[in-house]
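Here is the structure we will look at.
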Amino acid sequence: MEGATARKGMSARSIAIWIAVGLVGAFAWGVIALARGEQISAAWLIIAALGTYAIAYRFYARFIVTKVLRADDTRATPAERLDNATDFQPTDRRVLFGHHFAAIAGAGPLVGPVLAAQFGYLPGTIWIVVGAVLAGCVQDMVTLFFSMRRDGKSLGQMARDEIGPVGGVAALLAVFSIMIILLAVLALVVVQALADSPWGTFSIAMTIPIAFLMGFYLRVLRPGRVLETTAIGVTLLILAIVLGGYVDGNPTLAEYFTLSPNALVLAIVIYGFSASVLPVWMLLAPRDYLSTFMKIGTILLLAVGILITLPVMQNPAISKFATWEGGPVFAGSFYPFVFITIACGALSGFHALIASGTTPKMIEKESQVRTIGYGAMMMESFVAVMAMIAASIIDPGLYFAMNIPGSVLGGTVQTASEAVNGFGFQISPQELQSAADSVGEETLVARTGGAPTLAFGISQIFSGFLGGSALQAFWYHFAIMFEALFILTTVDAGTRVARFMLQDTLGNVWKPLGRTSWKPGAWGISAVVVAAWGYFLWVGVNDPLGGVNQLFPVFGISNQLLAAVALTVAVTILIKTGRTKYAWVPGIPLAFDVVNTLSASWQKIFSDNPKQGFFAQSNAFQGLVDKGTVKAPAKSIEDMQQIVTNSFVDGVLVVIFATLIILVLGDAMRVWVRALRGDEGIAVAESEYVESKIVAPSGLIATSEEKAAMANGGHGDRELVGTGGRDGEDDGSERRG
Amino acid sequence: MTVRDAVRNISWYLKEVAGESDYDRWVAHRREHHPGDPVMSRRDYECRRMDDRDSNPRARCC
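Same order as they appear, the protein sequences are chains A and B. Going by the working numbering, the first sequence opens with residue 727, and the numbers climb by one from there. Going by the working numbering, the second sequence opens with residue 111, and the numbers climb by one from there.
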């Protein structure tokens, strides 16, 4: 906005305010860092995080938008130029913020911090907050901006246009493989949360008929009435959780809904396949509405809950597992795996796919990328901080009893208690049993995957101000349901997206496969996609070493690989457009990310320690198989062989990911050198300048100058979207990109 | 801001986010750029929009 940029300097009042914000934030960090041996309130983490976000948003994000990206609000965005009231349309920044946040927020920021809590809460929290403002938010915002400057091109297309065919193909491969691993790991989290839990299984199973009902209502009875449909859905959902309690209490029914992990794998695979081939209005779309509203609602409630109950951190700031050896929850040393495990919440490559998807086609004003790109990621980071808090306010003994693989803990509360004591934490079998009883579960031993731990933490917070211990079981299953619901939404949407990606690629080889409406093609390719993640899911569930333990690091590596692709594209564009002096803005997070990801890959590939290196692990177990020995945690020679194969496959995956990073980066560096030499053949694929005719505020809250400008332009803030007076080609229902 | 304003703002926001106001916007756009052309009913519009998502799936993040 003219008004916003015209104001030179800051008033004394705002300088004072920002100094105060900085001091409060710094003081909170000081309290957290200096509290040794005493437990601190979770409020300090919240204050430290919010203070850091405020400063970073006000100064760093603004610097990037004006100096580095040179956002120009006189330039029409693709939403304005290509407005077709369908996919391209100028959308109110606050509404778009909601859309964008709903699309980037998922289970990642909830699960990663829970697993990383084994190192203590401090390392993870610092990475979540500092990583977000310097890396994650920057990645999301610059990707969104560059995609917007290119009419909403996808990350893969930008990699091809700006780097070259090699980088483009590597990026495409990276996107597809991360998708498969992501779906498998997320589905694994659901399986771990629902296995042998009739309450959870019943309420999640009920979401399918509820979705069908919603879909029918929205399609036939009340087309387009999304809000009332969702209200009906949410009501039925709460009812399903309540009914789950009765199912749990009734032995006959409970038996019916008590599923083994393998049965659940089968159910999720069938579900994923159906969601991929059924019309979206039946299952996918209504579930998406349901999960989005549940997600936002629960996150808001959690924030309120933490502020009201102000729980005390039980987890140490830095635990004894913050070493080269790592801890028992997942395999990997403290460095670099604290940065790998917490991907979403600090830096998530997957966000680059969203930021180069629908969002750039809907932005009204270029400078709004700060609110939408940077702001939404800050909020996601805050969700991760809350997850870290929820995992850290429960007793560390219970935390480890829930998160160490079952093969190490043994099947009973007695063996688990002994194993946890062996790791140096105390929890008695009675305490373990009463914790399980308090949330209406048979057992909480080895409920790995993060979701149950988070649900336990959430149930403690919620029951602290809503309903007391009588409702703790309800809140636990409410939290499980909320996580499983949106994980399954990611699984079904992801399966469909992966199916289209594969069909698109294979269509180049054999035409009919590219036609997405051709039934045999759609069914066949869906089956291939489902089989791919289904394989890893099955392997994860049956891995004697624990699937989360083994696969989560692989998932982290693949996600960070995608972040490397996005940041590389950003650096390349800056260098090509003569902004090399600012290339450090995406360049520093890129260097950090590549160093972390490659050292994690190095450890997973080359480490001699069978606990960390996949090939060392595979070889060690192969050696034992040759001698016919069975080593714990394997129970039989088949288990042993399974470990040999799994570790080998995981190792190969990591090799592929590392190769892709090196390929993309190497290819990009070739372009950087050419650009720096002033090679004439360097082209930038930016759309041309067209003057903007709409007036809209830049930040989340309109300044008084902006309000005045909008009033002059004849627009009230509210009626801004959809009012006429703009040119732009109308192509009706035709979709681009 | 009065309570009534707050309620009105929240309901405006929810409708926008859920996409309930998209149809009206589309009709306005249609009337302006293609005057005289027939305009789809809300039912047809919503069905078509949903079917569009069949072939343009939106990824949800982790």
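Beta carbons: idealized from backbone N, C-alpha and C, even for Gly.
### For E1417 of chain A, the three-state DSSP class (helix, strand or coil)
For the purposes of this step, residue 1417 of chain A is taken as the residue at position 691 of the first sequence. DSSP places E1417 of chain A in strand when its eight states are reduced to three.
### Test: A1219 of chain A CB closer than 7 Å to a CB of chain B
As a first step, residue 1219 of chain A must be located in the first sequence, where it is residue number 493. For A1219 of chain A, the answer is yes, since a Cβ of chain B falls inside 7 Å of its Cβ.
### Message
For D877 of chain A, tell me which candidate among A:G832, A:I772, A:A1081 and A:F999 has the shortest Cα-Cα distance.
### Response
Reading the first sequence from its first residue, position 151 is the one you call residue 877 of chain A. Between D877 of chain A and the set A:G832, A:I772, A:A1081 and A:F999, the nearest pair of CA atoms involves A:A1081.
### Query
Would you report the Cα separation of T965 of chain A and G971 of chain A, rounded to the nearest angstrom?
For the purposes of this step, residue 965 of chain A is identified with residue 239 of the first sequence, where counting begins at 1. For the purposes of this step, residue 971 of chain A is identified with residue 245 of the first sequence, where counting begins at 1. The residue you asked about is not Thr; residue 965 of chain A is Leu in the sequence shown. Distance between L965 of chain A and G971 of chain A, taken at the CA atoms: about 10 Å.
### Close-in-space but distant-in-sequence residues of the same chain around D1218 of chain A (CB under 8 Å, 5 per side omitted)
Counting from 1 along the first sequence, the entry for residue 1218 of chain A is found at position 492. Correct list, in chain order: Y997, G998, A1001, S1002, L1009, L1010 and R1013.
### Query
What runs of the alpha helix (DSSP H), each 4 residues or longer, lie entirely inside the segment 890 to 953 of chain A?
Taking 4 residues as the shortest admissible run, the segment 890 to 953 of chain A contains the following complete alpha helix (DSSP H) segments, listed from N- to C-terminal end: 891 to 920 and 924 to 942.
### Span separating the alpha-carbon of D887 of chain A from that of L1293 of chain A
Here residue 887 of chain A refers to the residue found at position 161 when the first sequence is read from its first residue. Here residue 1293 of chain A refers to the residue found at position 567 when the first sequence is read from its first residue. Between D887 of chain A and L1293 of chain A, the C-alpha separation is close to 15 Å.
#### Entry: For T1085 of chain A, the nearest candidate out of A:I790, A:S1430, A:Q815 and A:I1369 (CA to CA)
The sequence position of residue 1085 of chain A within the first sequence is 359, counting from 1. Per the C-alpha coordinates, the member of A:I790, A:S1430, A:Q815 and A:I1369 positioned closest to T1085 of chain A is A:Q815.
### Message
Using a 10 Å radius around the Cβ and a threshold of 16 neighbouring Cβ atoms, would you call M111 of chain B buried or exposed?
### Response
Position 1 of the second sequence holds residue 111 of chain B. The residue in question, M111 of chain B, is exposed, as its Cβ has fewer than 16 Cβ neighbours within 10 Å.
### Task
With DSSP collapsed to three states, give me the class of S1284 of chain A.
For the purposes of this step, residue 1284 of chain A is identified with residue 558 of the first sequence, where counting begins at 1. In the three-state DSSP reduction, S1284 of chain A falls in the helix class (H, G or I).
### Query
Hey, is the segment 771 to 787 of chain A in contact with the segment 1050 to 1060 of chain A, meaning 3+ C-beta pairs nearer than 8 Å?
No contact exists between the segment 771 to 787 of chain A and the segment 1050 to 1060 of chain A.
### Message
Given this structure, state the Cα-to-Cα distance separating Y1415 of chain A from F785 of chain A, to the nearest angstrom.
### Response
What you label residue 1415 of chain A is simply residue 689 of the first sequence in a count that begins at 1. What you label residue 785 of chain A is simply residue 59 of the first sequence in a count that begins at 1. Approximately 27 Å, taken between the alpha carbons.
### Query
What's the C-alpha gap between F753 of chain A and A1199 of chain A?
Start at 1 with the first residue of the first sequence, and residue 753 of chain A comes out as number 27. Start at 1 with the first residue of the first sequence, and residue 1199 of chain A comes out as number 473. Note on geometry: alpha-carbon atoms of F753 of chain A and A1199 of chain A lie some 37 Å from one another.
#### Entry: Residues that G146 of chain B contacts on chain A, provided the C-beta gap is smaller than 7 Å
Counted from its first residue, the second sequence places residue 146 of chain B at position 36. For G146 of chain B, none of the residues of chain A pass the 7 Å Cβ criterion, the least Cβ distance being about 14 Å.
### Message
Give me the chain B residues within the contact set of N825 of chain A, using Cβ-Cβ distance strictly less than 8 Å, ordered along the chain.
### Response
Counted from its first residue, the first sequence places residue 825 of chain A at position 99. As written in the sequence, residue 825 of chain A is His, which differs from the Asn given in the question. Near H825 of chain A (Cβ distances below 8 Å), the residues of chain B are V127.
#### Entry: L1232 of chain A, enclosing alpha helix (DSSP H) - first and last residue
Position 506 of the first sequence, counted from the start, is the residue given in the question as residue 1232 of chain A. Start and end: Q1198 to L1232.
### Message
Buried or exposed, going by whether 16 or more other CB atoms sit within 10 Å of the CB of V1380 of chain A?
### Response
Within the first sequence, the letter at position 654 stands for residue 1380 of chain A. It counts as buried.
### Task
Could you name the residues of the same chain whose beta carbon sits closer than 7 Å to that of S1074 of chain A, not counting the 5 residues immediately before and after it, in chain order?
Here the question's residue 1074 of chain A lines up with position 348 in the first sequence. Sequence-distant Cβ neighbours of S1074 of chain A in its own chain, meaning closer than 7 Å and more than five residues away, are G834, G862, N1285 and A1289.
#### Entry: Under the three-state DSSP convention, the category T1298 of chain A falls into
For the purposes of this step, residue 1298 of chain A is identified with residue 572 of the first sequence, where counting begins at 1. In the structure shown, T1298 of chain A sits in a helix (DSSP, three-state: H, G or I).
### Query
Which chain A residues sit within Cβ distance under 7 Å of D164 of chain B?
For the purposes of this step, residue 164 of chain B is identified with residue 54 of the second sequence, where counting begins at 1. The answer, in chain order, is P1005 and V1006.
#### Entry: Opposing strand residues paired with T817 of chain A [DSSP bridges]
By 1-based counting over the first sequence, the position of residue 817 of chain A is 91. In the DSSP assignment, the residues bridged to T817 of chain A are A:I1089.
### Message
Quick check on S767 of chain A: does DSSP put it in helix, strand or coil?
### Response
Along the first sequence, one-based indexing puts residue 767 of chain A at 41. Looking at S767 of chain A - three-state DSSP - the assignment turns out to be strand.
### Task
Return no unless some Cβ of chain B is closer than 7 Å to the Cβ of G832 of chain A.
Within the first sequence, numbered from 1, the residue matching residue 832 of chain A stands at position 106. When Cβ-Cβ separations below 7 Å define contact, G832 of chain A makes contact with chain B.
### Query
Would you call V1378 of chain A buried or exposed, if buried means 16 or more other Cβ atoms sit within 10 Å of its Cβ?
For this step, residue 1378 of chain A is matched to residue 652 along the first sequence. Residue burial is scored here from C-beta neighbours: V1378 of chain A has fewer than 16 other C-beta atoms within 10 angstroms and is therefore classed as exposed.
### Task
Consider the Cβ of M160 of chain B: report whether some Cβ of chain A lies at a distance smaller than 7 Å.
Within the second sequence, numbered from 1, the residue matching residue 160 of chain B stands at position 50. Closer than 7 Å: yes.
### Message
Using only the alpha-carbon positions, how far apart do L1300 of chain A and W1398 of chain A sit?
### Response
As a working mapping, residue 1300 of chain A is identified with position 574 in the first sequence. As a working mapping, residue 1398 of chain A is identified with position 672 in the first sequence. L1300 of chain A and W1398 of chain A have their C-alpha atoms some 10 Å from each other.
### Task
Report the residues of the segment 1069 to 1083 of chain A with a CB closer than 9 Å to any CB of chain B, ordered along the chain.
Cβ contacts with chain B: A1069, C1070, S1074, F1076, H1077, L1079, I1080 and G1083.
### Continuous beta strand (DSSP E) assignments of at least 3 residues falling wholly in the segment 1328 to 1379 of chain A
The segment 1328 to 1379 of chain A contains no whole beta strand (DSSP E) run of 3 or more residues.
### Task
For R153 of chain B, return the contacting residues in chain A, with the cut-off set at a CB-CB distance below 7 Å.
Here residue 153 of chain B is taken as the residue at index 43 of the second sequence, counted from 1. Chain A residues near R153 of chain B: P949.
### Query
Under 9 Å Cβ-Cβ, which residues of chain B neighbour A1011 of chain A?
Taking the first sequence and counting its residues from 1, the one referred to as residue 1011 of chain A is at position 285. Ordered by position in chain B, the residues that pass the 9 Å Cβ test against A1011 of chain A are M160 and R163.
### Query
Using DSSP with H/G/I as helix, E/B as strand and the rest coil, what is V1235 of chain A?
What you label residue 1235 of chain A is simply residue 509 of the first sequence in a count that begins at 1. The answer is coil: DSSP assigns V1235 of chain A none of H, G, I, E or B.
### Query
Where M1436 of chain A and A1422 of chain A are concerned, what is the direct C-alpha to C-alpha distance, given to the nearest angstrom?
Within the first sequence, numbered from 1, the residue matching residue 1436 of chain A stands at position 710. Within the first sequence, numbered from 1, the residue matching residue 1422 of chain A stands at position 696. Approximately 7 Å between the Cα atoms of the pair.
#### Entry: Limits of the unbroken alpha helix (DSSP H) element including G751 of chain A
Stepping through the first sequence from its first residue, residue 751 of chain A is reached at position 25. Boundaries of the alpha helix (DSSP H) harbouring G751 of chain A: A738 to L760, taken from the DSSP string.
### Query
According to DSSP, is V1038 of chain A helix, strand or coil?
Here residue 1038 of chain A is taken as the residue at index 312 of the first sequence, counted from 1. The answer is strand: DSSP assigns V1038 of chain A an E or B state.
### Task
Check the Cβ of A116 of chain B against every Cβ in chain A and list those closer than 9 Å, keeping chain order.
In the second sequence, residue 116 of chain B corresponds to position 6, counting from 1. The premise fails here: A116 of chain B is roughly 14 Å from chain A at the closest Cβ pair, so nothing lies under 9 Å.
### Assigned exposure category for T869 of chain A - 16 Cβ within 10 Å defines buried
Here residue 869 of chain A refers to the residue found at position 143 when the first sequence is read from its first residue. The residue is buried, with at least 16 neighbouring Cβ atoms inside 10 Å.
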